[in-house]
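Undergrad: In this note's numbering, the protein residues as written are 385 to 591.
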C-alpha cells in the first residue's frame with residue numbers, strides 16, 4: 385500500500401520503550417512538523433471503529449471490551465502476551481486500520497513541509513508503509529529502564545519483559561536510514577535540527 389505521489393516527504397520515527405521517540409517527535413512538532421502518533425490513534429480506533437470492535441470481539445471474546453464499551457487493554461494483553469499466534473491475528477486486525485487512517489491523515493496534511501509518523505512497530509522505508517525515511521531513536525537499555533521506572537507504574541521485571549518482546553536494537557538498526565542518540569549525554573536538539581534541515585532539503589528537491 386503506497387501513498388499518493390503528491391504527498392510531502394514522509395518520515396517514520398521509531399524506537400524501543402524508553403528510548404525517547406516521543407520526546408524527539410515533540411521537538412519536530414515544535415518546529416511546525418505534523419506528527420501522526422500511530423499508537424495513540426490505534427487506541428482511539430480500537431474504541432471507536434465498529435469494524436475493529438467486532439473483529440476483536442470475534443477473536444478474543446466480549447471481555448475484550450469493558451462494561452463501558454472501552455477496549456480492555458489489560459485483558460487483551462493477558463490473552464496475547466504469551467500467545468504469538470493470537471497476537472499476530474490481533475495485529476492483523478488493528479494494523480491495516482491504522483495504515484488506512486495514516487494515509488487519510490497524510491492526505492489531510494499534504495500541504496505540510498514534511499510529515500512524521502511515530503510508531504513502536506515499523507518496517508523499513510518503502511516496505512509497504514508509505515514512508516520515505518525511517519529514523520530510529522536509540523538509548524542504552526539501562527538508561528531506558530531507569531526512565532520507565534520514573535515514568536510508569538511498572539516494575540523492572542515488567543519492563544524487561546516488554547523489552548524482550550519488542551524487536552531488538554539490531555533489528556531496528558537494520559531499518560534505520562538515520563539514528564538519533566538519546567543517551568542523555570549527546571545533545572538531542574542539534575541532532576533533530578540536522579535532520580530537519582535534511583528533510584526540508586529533500587522536500588525542496590521533490591517540489
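Where a beta carbon is used, it is the ideal one built from N, C-alpha and C, also for glycine.
Go ahead and label residue 573 buried or exposed: buried means 16 or more other beta carbons lie within 10 angstroms of its beta carbon, across all protein chains shown.
TA: The residue you call residue 573 lines up with position 189 of the chain shown. Exposed, because fewer than 16 other Cβ atoms sit within 10 Å of the Cβ of residue 573.
Undergrad: Report the rounded CA-to-CA distance for residue 527 versus residue 565, giving the unit in angstroms.
TA: Numbered from its first residue, the chain shown carries residue 527 at position 143. Numbered from its first residue, the chain shown carries residue 565 at position 181. Using only the alpha carbons, I get a separation of about 12 Å.
Undergrad: Rounded to whole angstroms, what's the CA-CA distance from residue 488 to residue 504? Just pull it up for me.
TA: For the purposes of this step, residue 488 is taken as residue 104 along the chain shown, with counting starting at 1. For the purposes of this step, residue 504 is taken as residue 120 along the chain shown, with counting starting at 1. If I take the Cα positions, the gap works out to 20 Å.
Undergrad: Per the DSSP calculation, residue 502 is bridged to which residue(s)?
TA: On the chain shown, residue 502 is found 118 positions in, with the first residue counted as 1. In the DSSP output, where bridge partners are listed per residue, residue 502 has 397, 421.
Undergrad: Under the DSSP definition of a beta bridge, which residues are partnered with residue 455?
TA: For the purposes of this step, residue 455 is taken as residue 71 along the chain shown, with counting starting at 1. Paired residues: 449.
Undergrad: Measure the CB-CB distance between residue 482 and residue 474 and report whether it falls below 8 Å.
TA: Working through the chain shown from its first residue, we reach residue 482 at position 98. Working through the chain shown from its first residue, we reach residue 474 at position 90. No, Cβ-Cβ distance for residue 482 and residue 474 is not below 8 Å.
Undergrad: Assuming residue 531 and residue 396 are in contact, meaning their beta carbons sit under 8 Å apart, how far apart are those beta carbons, in whole angstroms?
TA: Residue 531 sits at position 147 when you count from the first residue of the chain shown. Residue 396 sits at position 12 when you count from the first residue of the chain shown. Between residue 396 and residue 531 the Cβ distance is about 22 Å, and since that is not below 8 Å, they are no contact.
Undergrad: Return the first residue and the last residue of the beta strand (DSSP E) that residue 522 is part of.
TA: For the purposes of this step, residue 522 is taken as the residue at position 138 of the chain shown. Run containing residue 522: 517-522, per the beta strand (DSSP E) assignment.
Undergrad: With respect to the beta strand (DSSP E) encompassing residue 563, which residues constitute its N-terminal and C-terminal limits?
TA: Sequence index remark: in the chain shown, residue 563 carries index 179 (1-based). Here the beta strand (DSSP E) through residue 563 covers 562-565.
Undergrad: Need the endpoints of the alpha helix (DSSP H) that residue 405 sits in, please.
TA: As a working note, residue 405 is residue 21 in the chain shown. Segment 405-414, the alpha helix (DSSP H) holding residue 405.
Undergrad: Using only CA atoms, which one of 451, 394, 555, 420 lies nearest to residue 406?
TA: In the chain shown, counting from the first residue as 1, residue 406 sits at position 22. Selected option, being the one with the closest Cα: 420.
Undergrad: Assuming residue 392 contacts residue 494 (C-beta within less than 8 Å), just tell me the rounded distance between them.
TA: Counting from one through the chain shown, the residue named residue 392 turns up at place 8. Counting from one through the chain shown, the residue named residue 494 turns up at place 110. Contact holds; Cβ gap of about 7 Å.
Undergrad: Along the alpha helix (DSSP H) that carries residue 468, what are the first and last residues, could you check?
TA: Start at 1 with the first residue of the chain shown, and residue 468 comes out as number 84. Where residue 468 is concerned, the enclosing alpha helix (DSSP H) stretches over 468-492.
Undergrad: Here's a check: name, in chain order, each residue in its chain whose Cβ is nearer than 7 Å to the Cβ of residue 579, leaving out the five neighbours to either side.
TA: Indexing the chain shown from 1 puts residue 579 at position 195. 519, 562, listed in sequence order.
Undergrad: Using alpha carbons as the reference points, say which of 525, 507, 523 lies closest to residue 517.
TA: Mapped onto the chain shown, residue 517 falls at position 133. Among 525, 507, 523, the Cα nearest to that of residue 517 is on 507.
Undergrad: Whether or not the segment 456-472 and the segment 433-447 are in contact is what I'm after, with contact meaning three or more pairs of Cβ atoms, one per stretch, closer than 8 Å; do they touch?
TA: With a cut-off of 8 Å, the segment 456-472 and the segment 433-447 count as touching, because enough Cβ pairs lie within range.
Undergrad: Do you know how far the Cα of residue 554 is from the Cα of residue 417?
TA: Counted from its first residue, the chain shown places residue 417 at position 33. Counted from its first residue, the chain shown places residue 554 at position 170. So the two alpha carbons sit approximately 28 Å from each other.
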